[in-house]
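1026 is the number of the first residue of the sequence shown in the numbering used here; add one for each residue after it.
Here a beta-carbon is modelled for each residue, glycine too, at the ideal position from N, C-alpha and C.
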Amino acid sequence: MSSRPAPAPIKTKPVELHTPRLLLREARLTDAADLFAVMGDAINMRYCSSKAHEKVADTAAWLAEAMIATPFNGRTDFVIVLAVPPPASASEPQSEPKSEPKSKSKPATRSTTRATVVGKIGCWNGQELGVQLHRAHWGRGYASEALAALLAHMWATTDVRAITADVDPRNSGSLRLLRRFGFAVEREEKNTMETHIGWCDSVYLRLARPAAGG
């Protein structure tokens, strides 16, 4: 909903970010079917700039243009892979982790193990944050786990001075997530973009780079 800031310099090769339960890696066209379960869901897409995808081909086209064709794929923008099976009772929400898990960055590889892509997270232009997680996995701490890994990676491998976000004020879950990580509201604006649900407002948030040694 905001004007796009200038892309941040990219100094890294594609990497994989590993957390206790997740793998964050570059997007591939073969991820389209999994991501369609996210992007074809009207509830998941309610506060996005585009409506829910109608077919897998829509998601494949979006992947090709919005992630794979960019220099940020696998560097600052990732798909979220569920590396550890969810609990047996998938419908029972779990609390967020008490402490943020550490992540490890590794060179990107082609795994032969079939694992489910459950969303995407990243700074899609090197600076502005975007998060999408299949709603079947909400409430399990996955978004927090992925965001902790992404932020550590961003501060370690880029020169960006801050990470920004543009959130619809009705998207309370995303606002809670970002505030928990220290994102501060800079301003709010009315009618910033007309989408499939009508005119939407924006809450602009910002997280500054931690001070050296902080």
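Strand pairing of residue i, partner residues [DSSP]
i, result
"residue 1152", "The partner list for residue 1152 (beta bridge, DSSP) is empty, contrary to what the question assumes."
"residue 1190", "1230"
"residue 1050", "1104"
"residue 1146", "1103, 1156"
"residue 1141", "1107"
"residue 1224", "1219"
"residue 1098", "1102"
Range covered by the alpha helix (DSSP H) that runs through residue i
i, result
"residue 1180", "1167-1182"
"residue 1063", "1057-1064"
"residue 1042", "Unbroken run through residue 1042 is the beta strand (DSSP E), 1040-1043; no alpha helix (DSSP H)."
"residue 1204", "1197-1205"
"residue 1081", "1081-1087"
Residue nearest to residue i in terms of C-alpha spacing, selected from the options
i, options, result
"residue 1172", "1219, 1205, 1237", "1205"
"residue 1235", "1212, 1180, 1220, 1192", "1180"
"residue 1038", "1214, 1182, 1192", "1182"
"residue 1083", "1225, 1060, 1040", "1060"
"residue 1192", "1043, 1045, 1070, 1063", "1070"
"residue 1155", "1068, 1145, 1088", "1145"
"residue 1176", "1196, 1164, 1208", "1208"
"residue 1186", "1046, 1237, 1233", "1233"
"residue 1190", "1047, 1212, 1178, 1184", "1212"
"residue 1194", "1080, 1157, 1104, 1224", "1224"
"residue 1231", "1058, 1188, 1237, 1196", "1188"
"residue 1067", "1166, 1079, 1057", "1079"
"residue 1147", "1160, 1140, 1104", "1104"
"residue 1157", "1040, 1041, 1049", "1049"
Enclosing beta strand (DSSP E) for residue i [first to last residue]
i, result
"residue 1271", "Any property of residue 1271 remains undetermined from this structure, which presents the chain solely from 1026 to 1239."
Open item on the list: Using a Cβ distance threshold of 8 Å, determine whether the stretch 1091-1098 contacts the stretch 1049-1056, with at least three qualifying pairs required.
Closed with: yes
Task: Sufficient close CB pairs (3 or more, under 8 Å) joining the stretch 1070-1083 to the stretch 1161-1176 - done: no
- [ ] Evaluate contact between the stretch 1097-1105 and the stretch 1140-1155, counting only Cβ atoms and requiring at least three cross-stretch pairs below 8 Å.
- [x] yes
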